[in-house]
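Protein chains: 2
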Amino acid sequence: MGRRHLVVTTSDRPVLHGTDYRADCPARHILDRIGDRWTVLIVIALWDGEARFSELLRRIEGISQKMLTQTLRGLERDGLVRRTVHPEVPIRVEYALTEAGRTLRGPLRALQEWALAHVGDVSASQDAYDRAHRPPDSTDRDG
Amino acid sequence: MGRRHLVVTTSDRPVLHGTDYRADCPARHILDRIGDRWTVLIVIALWDGEARFSELLRRIEGISQKMLTQTLRGLERDGLVRRTVHPEVPIRVEYALTEAGRTLRGPLRALQEWALAHVGDVSASQDAYDRAHRPPDSTDRDG
DNA sequence: CTGAATCCAAATCGATACTG
DNA sequence: CAGTATCGATTTGGATTCAG
Numbered sequence: 001m002g003r004r005h006l007v008v009t010t011s012d013r014p015v016l017h018g019t020d021y022r023a024d025c026p027a028r029h030i031l032d033r034i035g036d037r038w039t040v041l042i043v044i045a046l047w048d049g050e051a052r053f054s055e056l057l058r059r060i061e062g063i064s065q066k067m068l069t070q071t072l073r074g075l076e077r078d079g080l081v082r083r084t085v086h087p088e089v090p091i092r093v094e095y096a097l098t099e100a101g102r103t104l105r106g107p108l109r110a111l112q113e114w115a116l117a118h119v120g121d122v123s124a125s126q127d128a129y130d131r132a133h134r135p136p137d138s139t140d141r142d143g
Numbered sequence: 001m002g003r004r005h006l007v008v009t010t011s012d013r014p015v016l017h018g019t020d021y022r023a024d025c026p027a028r029h030i031l032d033r034i035g036d037r038w039t040v041l042i043v044i045a046l047w048d049g050e051a052r053f054s055e056l057l058r059r060i061e062g063i064s065q066k067m068l069t070q071t072l073r074g075l076e077r078d079g080l081v082r083r084t085v086h087p088e089v090p091i092r093v094e095y096a097l098t099e100a101g102r103t104l105r106g107p108l109r110a111l112q113e114w115a116l117a118h119v120g121d122v123s124a125s126q127d128a129y130d131r132a133h134r135p136p137d138s139t140d141r142d143g
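Take a look at the structure:
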């Protein structure tokens with residue numbers, strides 16, 4: 001049985017790794033978290049302050065109840081979101097970012113700024129790429 | 001294909017802002033990119049300079065040929081990686097980060113630093129969460 | 001050597017129905 | 001209101017096979 005950890009070898013010091021080269025490093029875990037479809041949207045939705053479950057469901061367009069619950073649970077488990085149950089009738093549950101959760105704002109912003117700065121270039125590049133790699137056109141008149 | 005409505009075009013509103021919870025923004029596109037299993041590792045592997053296809057295959061442990069090709073194509077299409085074919089025998093193909101690709105280093109670093117700074121807290125939180133939500137154990141005894 | 005194509009298993013996610 | 005449970009469609013990624 002071979003090792004199953006993922007390794008990237010570079011001559012210099014790798015960016016996303018600490019003392020070892022495995023891909024299951026802390027940074028990889030974070031990438032897995034924010035890489036899913038909804039985590040970042042939820043964090044953004046909670047930037048302004050706490051919100052109820054149904055409120056998040058309304059504000060985050062397209063998310064299903066299942067995914068909201070599931071993602072919220074993961075965030076709560078990681079200590080990035082705090083869940084507060086108010087035993088009223090009907091029941092009320094408030095979600096809010098923890099202190100740690102709020103600090104995610106910086107890195108997310110860095111990513112946002114990169115995206116904003118490069119969205120034009122990326123879009124143009126995709127355009128050019130798609131033109132250059134267009135599927136074979138049968139109306140080709142060069143024959 | 002399917003339901004990917006990542007409209008990177010006419011978003012005149014601020015992107016990862018507290019009032020925008022939509023998934024169709026530039027930042028979302030970036031998150032989709034770096035969120036996949038291999039993109040970041042490839043970017044890291046190309047940090048030092050260009051590399052051949054087979055070299056990347058060797059250095060990024062665990063990646064399959066298919067995924068390397070596929071991810072490289074996406075990166076190339078986005079203008080983050082440049083592909084150079086040397087028509088020799090046997091053929092030689094070199095991959096390298098473009099200028100835009102290299103600028104991804106900053107945001108990636110921010111993420112890494114966040115992860116490093118919080119891995120302890122997150123781990124502890126997960127631990128506590130799992131203890132509190134322990135699977136039903138009948139051998140429970142109070143000490 | 002580079003890489004496209006195909007088949008298949010597993011993970012992800014959404015819609016729906018049901019509970020307290 | 002705030003979930004849980006389940007099923008099926010979709011997506012993802014890996015192994016394998018074939019080709020320039």
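As they're listed, the protein sequences go chains A and B. Counting with UniProt numbering, you get residues 1 to 143 for the letters of the first sequence. Counting with UniProt numbering, you get residues 1 to 143 for the letters of the second sequence. C-beta atoms are modelled at their ideal positions from N, C-alpha and C, and glycine is treated no differently.
- Remark: C-beta atoms of residue 38(A) and residue 105(A) do not approach each other more closely than 8 angstroms.
- The segment 112 to 132 of chain B makes no contact with the segment 61 to 68 of chain B; the number of CB pairs closer than 8 angstroms stays below 3.
- Taking the CA atoms as reference points, residue 62(A) sits about 45 angstroms from residue 92(B).
- Going by DSSP, residue 37(A) is part of no beta strand (DSSP E) at all; its letter is neither H nor E.
- The C-beta of residue 103(A) comes closer than 8 angstroms to at least one C-beta of chain B.
- Of the other Cβ atoms in all chains shown, fewer than 16 fall within 10 Å of the Cβ of residue 89(A); this residue is therefore exposed.
- For the pair residue 35(B) and residue 52(B), the Cα-to-Cα distance works out to about 24 angstroms.
- Residue 97(B) and residue 122(A) have their C-alpha atoms spaced approximately 14 angstroms apart.
- For residue 34(A), the chain B residues whose Cβ falls inside 7 angstroms of its Cβ are 31, 35, in order along the chain.
- Within the model, the alpha-carbon separation for residue 49(A) versus residue 82(A) is close to 11 angstroms.
- In terms of Cβ geometry, residue 54(A) and residue 77(B) do not form a close pair [threshold 8 angstroms].
- In the three-state reduction of the DSSP assignment, residue 113(B) falls in the helix class.
- Per DSSP, reduced to three states, the secondary structure at residue 71(B) is helical.
- Taken through DSSP and simplified to helix, strand or coil, residue 94(B) comes out as strand.
- Not a single CB atom of chain A sits nearer than 8 angstroms to the CB of residue 86(B).
- Residue 50(B) has a beta carbon lying at 8 angstroms or more from every beta carbon in chain A.
- Residue contact check for residue 107(A) against chain B: a CB pair falls below 8 angstroms.
- For residue 70(B), no CB of chain A lies under 8 angstroms from its own CB, so it is not counted at the interface with that chain.
- By the criterion of a C-beta distance shorter than 6 angstroms, residue 41(B) is surrounded in its chain by 60, once the five residues flanking it on both sides are discounted.
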